[in-house]
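**Student:** The structure is given below, and queries will be raised subsequently.
Residue numbers (the numbering used here): 458 to 913.
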């Protein structure tokens with residue numbers, strides 16, 4: 458019976474319905490980066506391109522950390538939707554928007570010290586840093602609307618709507634590209650603003666998309682919204698909402714620190730050939746996430762909804778179906794990487810030394826793909842169940858495993874690209890293993906009930 462349930466057309470159909478638009482949204486983000494790079498790269502002064510890259514390193518890290526607003530809101534709204542409580546879903550949207558807006562304003566207020574620390578860590582050349590600071594000073598004002606947008610996106614996905622976020626993501630990207638074309642080189646009589654034009658294009662696009670999201674979601678929640686939420690916001694039940702978001706914040710922080718350490722360790726190698734190979738390996742490593750994350754995000758919704766309906770067997774079946782998709786995609790990527798290592802090396806570089814390094818280490822990336830996919834899907838399952846306390850602890854344990862692996866490899870073989878990337882595999886294997894053990898127990902299902910019972 459259980460076997461038939463997780464293989465059912467209904468379970469898989471719902472996952473695919475939610476996953477495909479999310480995959481499109483996820484793919485749109487790197488494509489936007491390609492467009493920005495192509496437009497800035499046509500300027501005669503390459504400093505503009507380098508400045509945007511330096512500033513985006515800081516901005517992306519900061520904005521990525523606050524991705525917990527989307528994840529936590531998706532799970533909580535999905536559970537409320539499963540219970541048939543649109544008023545609670547609307548309240549959660551209000552809380553997510555309020556927290557996102559407040560955090561965004563704090564980021565704007567603290568932009569000076571945050572930028573100083575960020576640019577010090579990036580360590581770009583003075584002429585690059587000067588332009589990067591101008592780019593950063595403009596784009597940081599995206600923070601409030603971007604973080605509010607994360608909460609709205611979480612609400613929509615929690616309600617089972619993956620289409621609206623996809624359309625707005627595509628719309629933001631199109632506005633951004635149009636702005637780049639107009640403001641960076643200075644078309645149609647407009648002044649050439651260079652990297653500042655790219656920053657203004659991004660700012661305009663984000664605010665356009667944010668306002669559009671608010672206008673799109675308001676008719677859906679208007680009749681469930683209470684004016685008392687504004688006047689009596691302190692009396693709202695914040696406990697569960699903030700605990701879930703806090704757990705996910707620290708979970709994401711540990712992840713960001715670990716990924717930043719991978720890049721920082723690679724930068725210590727100094728060999729330009731190894732650094733070039735590392736950049737390629739990082740792209741190959743991340744590629745599977747664009748496909749698997751769609752199913753991971755879909756699982757947040759389906760697991761949360763089934764648990765909200767009081768149907769843990771269906772929640773487990775949906776999780777098992779998502780694992781099937783994730784592992785299948787991971788194995789496919791592994792086979793492509795292993796079989797196509799020659800073509801991959803030639804595609805990314807003509808340098809013989811870099812090609813040799815890629816030949817040696819693409820096998821590491823290939824081995825990791827199914828493991829990575831498992832980690833992403835397990836994340837989605839436990840987020841949907843709001844088993845976020847365990848997720849926080851598991852990520853801390855996995856990060857510790859990464860640093861222990863680096864220390865051991867460094868002591869035995871010295872620091873090398875192979876040591877760094879095998880340590881990254883250890884990190885992902887630790888994530889998959891800890892989450893798999895949790896999934897095999899009933900504790901993750903009980904976590905949703907415990908969270909609801911603990912609501913003040």
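We put the beta carbon where it would ideally sit given N, CA and C, even for glycine.
1) List, from N- to C-terminal side, the alpha helix (DSSP H) runs of 4 residues or more that fit wholly inside the stretch 754-833.
2) Just verifying my parser: in three-state terms, what is the DSSP assignment at residue 583?
3) Threshold first: 4 residues or longer. Then list the alpha helix (DSSP H) segments lying entirely within the stretch 459-527, N to C.
4) In the DSSP assignment, find the alpha helix (DSSP H) that holds residue 609 and state where it starts and stops.
5) Residues in its own chain within less than 7 Å of residue 523 by CB, not counting five upstream and five downstream?
6) Alpha carbons only, please: which of 692, 656, 568 and 887 is nearest the one belonging to residue 862?
7) Excluding the 5 residues flanking residue 882 on each side, which residues of the same chain have their C-beta closer than 8 Å to its C-beta?
8) Quick one: what does DSSP say residue 913 is sitting in, helix, strand or coil?
9) Would you mind sorting residue 596 into buried or exposed? The rule is 16 or more other CB atoms within 10 Å of its CB.
10) Between the stretch 812-820 and the stretch 726-746, are three or more C-beta pairs nearer than 8 Å?
11) Just curious, the alpha helix (DSSP H) that residue 670 is in, first and last residue?
12) Does the distance from the C-beta atom of residue 544 to that of residue 681 stay below 9 Å?
13) Classify residue 843 as helix, strand or coil using the three-state DSSP reduction.
14) With DSSP run on the structure shown, which of helix, strand or coil describes residue 619?
15) At least one CB of chain D closer than 9 Å to the CB of residue 586: is that the case?
16) Using a threshold of 9 Å, state whether the C-beta atoms of residue 612 and residue 665 are closer than that.
17) Ordered along the chain, which non-local residues of its own chain (more than five positions away) have a Cβ less than 6 Å from that of residue 702?
18) Excluding five sequence neighbours on each side, which residues of the same chain lie with their C-beta closer than 6 Å to the C-beta of residue 591?
19) Is the Cβ-Cβ distance between residue 521 and residue 714 less than 9 Å?
20) Where residue 602 and residue 550 are concerned, what is the direct C-alpha to C-alpha distance, given to the nearest angstrom?
21) Using 8 Å as the cut-off, can you tell me whether the stretch 502-509 makes contact with the stretch 469-489, which would need three or more C-beta pairs spanning the two stretches below that distance?
22) Within the continuous alpha helix (DSSP H) that includes residue 597, where are the two ends?
23) If I measure Cβ to Cβ from residue 650 and keep anything under 6 Å in the same chain, skipping five residues before and after, which residues do I get?
24) Nearest CA to the CA of residue 709: which residue from 473, 495, 535 and 850?
25) What does a CB cutoff of less than 6 Å around residue 458 pick up in its chain, not counting 5 residues either side in sequence?
26) Output needed for residue 633: all residues of its chain with C-beta closer than 7 Å, excluding positions within five of it in sequence on either side, in chain order.
27) Give me the Cα-Cα distance between residue 637 and residue 496, rounded to the nearest whole angstrom.
28) Using 9 Å as the threshold, is the C-beta distance between residue 655 and residue 575 below it?
29) May I have a chain-ordered list of the beta strand (DSSP E) segments no shorter than 3 residues that lie completely inside the stretch 692-734?
30) Assign residue 773 to buried or exposed, taking buried as 16 or more other Cβ atoms, counted over all protein chains shown, within 10 Å of its Cβ.
31) If I'm right that residue 741 touches residue 732 with Cβ under 8 Å, what's the distance once you round it to whole angstroms?
32) Could you say which of 751, 810, 548 and 872 lies nearest to residue 692 if we only look at CA atoms?
33) Measuring CB atoms only, is the stretch 842-849 touching the stretch 788-807, in the sense that at least three cross pairs come out at less than 8 Å?
34) Quick test of your reading: residue 619 and residue 479, contact by CB under 8 Å. State the CB separation rounded to the nearest angstrom.
35) Using three-state DSSP, classify residue 642 as helix, strand or coil.
36) By alpha-carbon positions, which one of 466, 624, 477 and 540 ends up nearest to residue 762?
**Tutor:** This is what the structure holds:
1) 769-796 and 798-805
2) helix
3) 459-463, 466-498 and 504-522
4) 600-615
5) 560, 604 and 607
6) 887
7) 821, 824, 825 and 828
8) At residue 913, the pLDDT of 48 sits below 50, so the modelled position is not reliable; the number obtained from the coordinates is stated separately. Three-state DSSP puts residue 913 in coil, outside helix and strand.
9) buried
10) yes
11) 652-678
12) yes
13) coil
14) coil
15) Annotation note: the requested chain D is absent from the structure, which comprises a single protein chain.
16) no
17) 525 and 529
18) 653
19) no
20) 14 Å
21) no
22) Looking at the DSSP string, residue 597 is not in any alpha helix (DSSP H), and its letter there is neither H nor E.
23) 640
24) 850
25) Any reading at residue 458 must be qualified, since the residue scores a pLDDT of 42, below 50, and its modelled position is unreliable; the value itself is stated next. Result list for residue 458: empty, nothing under 6 Å.
26) 489, 658, 659 and 662
27) 7 Å
28) no
29) none
30) buried
31) With a Cβ gap of about 15 Å, residue 741 and residue 732 do not count as contacting.
32) 548
33) no
34) 5 Å
35) coil
36) 540
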